[in-house]
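Visitor: Heads up: the sequence shown is residues -20 to -1, 1 to 345, going by mature numbering (1 follows the signal peptide of the UniProt record, and there is no 0). Glycine residues also receive a C-beta, built at the ideal position from the N, C-alpha and C atoms. None of the values given here were measured: they were computed from a predicted structure.
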Amino acid sequence: MKFLARTLLFLAVSAVSVQAARVKDLVTVDGGRDNQLVGYGLVIGLAGDGDSDSPMTINAVANSLRRFGLTVDAEELKSENVAAVMITADIPPFAREGTRIDVTVSSIGDAESLQGGVLLQTPLLGADDTVYAVAQGQIAVGGYLGGNGGAGGATVQKNHPTVGQIANGAIVEREIEMEIGKGGRVKLLLRNPDYNTASKLAEGINVIFPSSTIAVDAAAVQVTIPEMYLGREVDFISSIGGISIEPDTPARIIINERTGTIVATAGVRVSTVAVSHGSLSLTIARSQNISQPGPFAQAGQTAVAEGTEVEVTEELGAFHMIPDYPTIQQVTNALNAMGVSTREMMSILQAMKSAGALQAELIIK
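Here's what the structure looks like:
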């Protein structure tokens, strides 16, 4: 079958129109971070879409029933309506007891779908094996699995019905202690480390609070809390969070070969380079030929023979000169004018980087 190039997406922002951003949108405060939680549980009410008599699931069901004083024989249990799952969640910083957080539920057995299922009460543990939250509730699945009852047991599936979400499905039972402003200092961590941005951040804060801030490295800025804010760290962090600076974005191109997506920043520059490309098309056609004996033949039987036809065509390429362009938009316009597809553009950008003509970081995912 012919290859169809996927959608090309270029996000290029003009360097002269850099927008100022608030400090709170560029950094996180050291000591105030998310923590991951995980747990093992059971989802019930799956109407035959659960695990197919998995010993692990059956034993888990038996153990769960024993908590309610019911003695059951694991060999007599069926698990078609139950699925063994793993539950994951992120507990945000400063989450208090009673706070609700979202959880993700994922099947670990051979269940076909979690649609319509209910997660039984499940403790969620941190990396230190301490229970920090408890999850339970109705699962919302962003997809479905259905059969039409036709020949061959045909089914229709949308997205991944074996993974679901429970909004506000877990209750925080234990707070995670965090210290902010210890020793009279606050460290700000850049979400996108960059030396220029760190330097601008320190300069911006020093304008409001002179001689209080230094850039430690590309990822961190250390701020000394003024005496007037000692004991009022929240007010101080709030005040510096509203300061606006112009972040510096490095020249970078990100290529996702799986989805066919290309994203580029405004700082990308391309030196003069010659580009030649050709279009290769591969067509594979499968057919079934039925061979049967004549109406008066004494012997022989009907047979099915599969045939395959392969056709390869390639257009001749030509050299095209791409001069020094000030913006990535002009570069992409030149490549588009050459009739370059998304997949070909990915290859051309990689070749430009290898030739030293692409003055940007190239990230391939």
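#1: Pull up the CB-CB distance for residue 227 and residue 6, whole angstroms please, since I reckon it's below 8 Å.
#2: Quick one: give me the first and last residue of the alpha helix (DSSP H) that residue 215 is part of.
#3: By DSSP's criteria, residue 19 is part of a beta bridge. Which residues make up the other side?
#4: Would residue 146 pass as a contact of residue 105 if the rule is Cβ separation under 8 Å?
#5: Mapping the DSSP letters down to three states, classify residue 61 as helix, strand or coil.
#6: Grouping DSSP H, G and I as helix and E and B as strand, with all else coil, what is residue 202?
#7: Could you check the C-alpha separation between residue 187 and residue 181 for me, to the nearest Å?
#8: Relative to the C-alpha of residue 229, which candidate in 246, 91, 215 has its C-alpha closest?
#9: Leaving aside the five residues before and after residue 175 along the sequence, list all residues of the same chain whose C-beta is less than 6 Å from its C-beta, in chain order.
#10: Return the residue from the list 236, 20, 241, 224 that minimises the CA-CA distance to residue -2.
#11: Just how far apart, CA to CA, sit residue 26 and residue 65?
#12: When the Cα atoms are used, what is the spatial distance from residue 330 to residue 80?
#13: Compute the distance between the beta-carbons of residue 114 and residue 103, then report whether it is under 8 Å.
#14: Could you tell me whether the Cβ atoms of residue 192 and residue 203 are closer together than 8 Å?
#15: For residue 350, does the count of other Cβ atoms within 10 angstroms reach 16, so buried, or fall short, so exposed?
#16: For residue 19, does the count of other Cβ atoms within 10 angstroms reach 16, so buried, or fall short, so exposed?
#17: If you draw a straight line from the C-alpha of residue 153 to the C-alpha of residue 122, how long is it?
#18: Going by the DSSP bridge assignment, what does residue 309 pair with across the sheet?
Guide: Taking the coordinates as given:
#1: As a first step, residue 227 must be located in the sequence shown, where it is residue number 247. As a first step, residue 6 must be located in the sequence shown, where it is residue number 26. The pair is a contact, with the Cβ atoms about 6 Å apart (cut-off 8 Å).
#2: Position 235 of the sequence shown, counted from the start, is the residue given in the question as residue 215. Segment 213 to 221, the alpha helix (DSSP H) holding residue 215.
#3: Stepping through the sequence shown from its first residue, residue 19 is reached at position 39. Paired residue(s): 67.
#4: In the sequence shown, counting from the first residue as 1, residue 146 sits at position 166. In the sequence shown, counting from the first residue as 1, residue 105 sits at position 125. Result no, Cβ atoms of residue 146 and residue 105 do not sit closer than 8 Å.
#5: Indexing the sequence shown from 1 puts residue 61 at position 81. Note: residue 61 maps to coil in three-state DSSP.
#6: The residue you call residue 202 lines up with position 222 of the sequence shown. Reduced to three states, the DSSP call for residue 202 is strand.
#7: As a position in the sequence shown, residue 187 is number 207, starting the count at 1. As a position in the sequence shown, residue 181 is number 201, starting the count at 1. So the two alpha carbons sit approximately 10 Å from each other.
#8: As a working note, residue 229 is residue 249 in the sequence shown. Comparing Cα positions, the closest option is 246.
#9: As a working mapping, residue 175 is identified with position 195 in the sequence shown. Closer than 6 Å at Cβ, skipping near neighbours: 198.
#10: As a first step, residue -2 must be located in the sequence shown, where it is residue number 19. Comparing Cα-Cα distances from residue -2 to each of 236, 20, 241, 224, the minimum goes to 224.
#11: If you number the sequence shown from 1, residue 26 lands on position 46. If you number the sequence shown from 1, residue 65 lands on position 85. So the alpha carbons of these two residues sit roughly 13 Å apart.
#12: Along the sequence shown, one-based indexing puts residue 330 at 350. Along the sequence shown, one-based indexing puts residue 80 at 100. As the crow flies, the alpha-carbon of residue 330 is around 46 Å from that of residue 80.
#13: Position 134 of the sequence shown, counted from the first residue, corresponds to residue 114. Position 123 of the sequence shown, counted from the first residue, corresponds to residue 103. The answer is yes: Cβ separation under 8 Å.
#14: For the purposes of this step, residue 192 is taken as the residue at position 212 of the sequence shown. For the purposes of this step, residue 203 is taken as the residue at position 223 of the sequence shown. Result yes, Cβ atoms of residue 192 and residue 203 sit closer than 8 Å.
#15: Limits of the chain in this structure are -20 at one end and 345 at the other, which puts residue 350 out of reach.
#16: Within the sequence shown, the letter at position 39 stands for residue 19. Residue 19 should be labelled buried.
#17: Within the sequence shown, numbered from 1, the residue matching residue 153 stands at position 173. Within the sequence shown, numbered from 1, the residue matching residue 122 stands at position 142. Cα to Cα, the separation comes out at about 28 Å.
#18: To locate residue 309, count along the sequence shown from 1; it is residue 329. BP columns for residue 309 are empty, so no partner.
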